[in-house]
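>
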Amino acid sequence: MSGRTGHPERPTTIGLIGLGLIGSAVAERLLAAGHTVIGFDVDEKARLKLSQQGGVRTATAAEVAEEADLVWLALPNDTVSREVLSQIDGSLRSGHIIADLGTGDPRTAETVAETLRHRGVTFLDATISGSSAQVRRGDVLVMVGGDESAFGVCRRLFETFAWQVRHVGPSGRGAWMKLVTNLVLGLNRAALAEGLAFAESLGLDPAMALAVLRESMAYSRIMDTKGPKMVARNFTPEARLSQHLKDVRLIREAAARVGRSLPLSTEHQRLLELAESLGLGDHDNSAILDAIRQPLTPNL
Numbered sequence: 024m025s026g027r028t029g030h031p032e033r034p035t036t037i038g039l040i041g042l043g044l045i046g047s048a049v050a051e052r053l054l055a056a057g058h059t060v061i062g063f064d065v066d067e068k069a070r071l072k073l074s075q076q077g078g079v080r081t082a083t084a085a086e087v088a089e090e091a092d093l094v095w096l097a098l099p100n101d102t103v104s105r106e107v108l109s110q111i112d113g114s115l116r117s118g119h120i121i122a123d124l125g126t127g128d129p130r131t132a133e134t135v136a137e138t139l140r141h142r143g144v145t146f147l148d149a150t151i152s153g154s155s156a157q158v159r160r161g162d163v164l165v166m167v168g169g170d171e172s173a174f175g176v177c178r179r180l181f182e183t184f185a186w187q188v189r190h191v192g193p194s195g196r197g198a199w200m201k202l203v204t205n206l207v208l209g210l211n212r213a214a215l216a217e218g219l220a221f222a223e224s225l226g227l228d229p230a231m232a233l234a235v236l237r238e239s240m241a242y243s244r245i246m247d248t249k250g251p252k253m254v255a256r257n258f259t260p261e262a263r264l265s266q267h268l269k270d271v272r273l274i275r276e277a278a279a280r281v282g283r284s285l286p287l288s289t290e291h292q293r294l295l296e297l298a299e300s301l302g303l304g305d306h307d308n309s310a311i312l313d314a315i316r317q318p319l320t321p322n323l
């Protein structure tokens, strides 16, 4: 099942700030569905690509907010999101709906939503479960926290690139749920990498091992999305390893605040940090395979 790409009954103008892996994929789906996308990115090449695809590029983030009542953020982390919100602050007006598609600290989403609410601006934490390649296929889940009326306005737009869209509660709940899904997803990916590395060490063909795993009770969708990349050792990024490391740190920080032990995530963070130290941070997150394939260090 995939998101809807047919031309909409009500074409809408969406402002999109952040045209990286996820943002550019979202823009493609919106444009294919007949909507207007007004976008900005600090990277001129990303802005040019948007205009070549039929979108409208701006010179500043503030211009996006001036031209569109719906503004979506597809940014790498909380720090950048806060900077952008500061840049567009003077252009915000009552009735604006801002949806943050990124993964960040849920407490930030709660604070931002409350601050903007007093100005008549609605903030949704609209987190995406899936990679940029899956966005392009319309094969992601969107988990939204925030005002239900604003969710209703955005839902049909989210459906242009998502097979499922869920309202999961008030502000911050989308971001909290994203941390939960990323915990399980990341461990599934690491488990697959470890299994394939183990199979290779036993002299088994990794492609054959992946095929058998897909047919077994061990199956998970990560085998379809990341298994072929691991077998081919093709780590061209669809979702960067460094971004997932950032997410795992957020997960463990949140767990520490509520007194929850996460032993598997603790080891997962160590592996991701090893991968980053090997220069794999900008590679696809499936490159965790290369951290797992490192030779064992003997205990001295």
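Per my numbering, residue 24 is the first one in the sequence shown, and the count goes up by one each step.
A virtual CB, placed ideally from N, CA and C, is assigned to each residue, including glycine.
Could you pull the DSSP bridge partners for Met166 from this structure?
Met166 pairs with Thr150, Arg189.
> For Gln187, which residues in the same chain have their Cβ closer than 6 Å to its Cβ, ignoring the five residues on either side in sequence?
If we look at Gln187 and ignore the five residues flanking it on each side, its Cβ neighbours are Leu164.
> Indicate whether the contact test is met: 3 or more Cβ pairs, each with one atom in the region 152–162 and one in the region 121–137, closer than 8 Å.
They do not touch, by the three-pair rule.
> Give me the Cα-Cα distance between Asp313 and Glu296, rounded to the nearest whole angstrom.
Taking the straight line joining both Cα atoms gives about 12 Å.
> Please classify Val135 as buried or exposed, where buried requires at least 16 other C-beta atoms within 10 Å of its C-beta.
That one is buried.
> Classify Phe174 as helix, strand or coil using the three-state DSSP reduction.
Residue state, collapsed to three classes: helix.
> Along the alpha helix (DSSP H) that carries Thr36, what are the first and last residues, could you check?
Counting along the chain, Thr36 falls outside any alpha helix (DSSP H), though it belongs to the beta strand (DSSP E) covering 36–40.
> Over what stretch of residues does the beta strand (DSSP E) that includes Val94 continue unbroken?
Run containing Val94: 93–96, per the beta strand (DSSP E) assignment.
> When DSSP labels each residue in this structure, what does Ala82 get in the three-state scheme?
Coil, per DSSP.
> Compute the Euclidean distance between the alpha carbons of Leu115 and Asp92, then round it to the nearest angstrom.
Each residue's Cα considered, the two are about 9 Å apart.
> Would you give the residue range spanned by the beta strand (DSSP E) that Asp123 belongs to?
From DSSP, the beta strand (DSSP E) with Asp123 extends over 120–123.
> Please classify Asp307: is it buried, with 16 or more other beta-carbons within 10 angstroms of its beta-carbon, or exposed?
So Asp307 counts as buried.
> Are the CB atoms of Ile311 and Ser288 nearer to each other than 8 Å?
Cβ atoms of Ile311 and Ser288: not closer than 8 Å.
> Applying the 10 Å Cβ sphere with the 16-neighbour rule, what's the burial state of Leu71?
Looking at its Cβ environment, which holds fewer than 16 other Cβ atoms inside 10 Å, Leu71 is exposed.
> Tell me, which residues are paired with Val60 by DSSP?
Answer is Ile37.
> Which residues in the same chain have their Cβ closer than 8 Å to the Cβ of Gly246, if we skip the five residues on either side of it in sequence?
Inspection of the sequence shows that residue 246 is occupied by Met rather than by Gly. Contacts found: Leu215, Leu233, Leu236, Arg237.
> So what does Asp307 bridge to, in DSSP terms?
In the DSSP output, where bridge partners are listed per residue, Asp307 has Arg263.
> According to DSSP, simplified to helix, strand and coil, what is Val49?
In the structure shown, Val49 sits in a helix (DSSP, three-state: H, G or I).
> What is the DSSP secondary structure of Thr145, reduced to helix, strand or coil?
Strand.
> Between which residues of its own chain and Ile111 is the CB-CB distance below 8 Å, once the five residues before and five after are set aside?
Cβ neighbours of Ile111 beyond the five flanking positions: Ile40, Ala84, Ala85, Val87, Ala88, Val94.
> Express the C-alpha separation of Gly113 and Thr204 in angstroms, rounding to a whole number.
Taking the straight line from one Cα to the other gives about 35 Å.
> When you compare only the Cα positions, how much space is there between Gly38 and Gly169?
Near 19 Å, if we compare the C-alpha coordinates of Gly169 and Gly38.
> In this structure, how does DSSP classify Asp128 when only helix, strand and coil are distinguished?
Asp128 falls in the coil class under three-state DSSP.
> Alpha carbon to alpha carbon, how far is Gln266 from Met240?
Cα to Cα, the separation comes out at about 30 Å.
> Residue range of the alpha helix (DSSP H) that Met253 falls in?
Note, Met253: alpha helix (DSSP H), 250–255.
> In angstroms, rounded to a whole number, what distance separates the CA positions of Val207 and Val271?
Each residue's Cα considered, the two are about 11 Å apart.
> From Ser387 to Arg263, what does the alpha carbon distance come to, in whole angstroms?
Outside the modelled stretch of the chain, which goes from 24 to 323, sits residue 387, for which no answer is possible.
> Under a Cβ-count criterion, where at least 16 other Cβ atoms within 10 Å of its own Cβ denotes burial, should Ser47 be classed as buried or exposed?
The residue in question, Ser47, is buried, as its Cβ has 16 or more Cβ neighbours within 10 Å.
> With a CB to CB cut of under 8 Å and the five nearest residues on each side skipped, what residues in its chain are close to Leu54?
Answer for Leu54: Val60, Gln76, Gly77, Gly78, listed in chain order.
> So Glu290 is in the alpha helix (DSSP H); what residue range does that whole segment cover?
Start and end: 286–300.
> Run the CB neighbour count on Ala213, radius 10 Å, all protein chains shown included, and call it buried at 16 or more, exposed below.
Classification of Ala213: buried, given that the 10 Å Cβ count is 16 or more.
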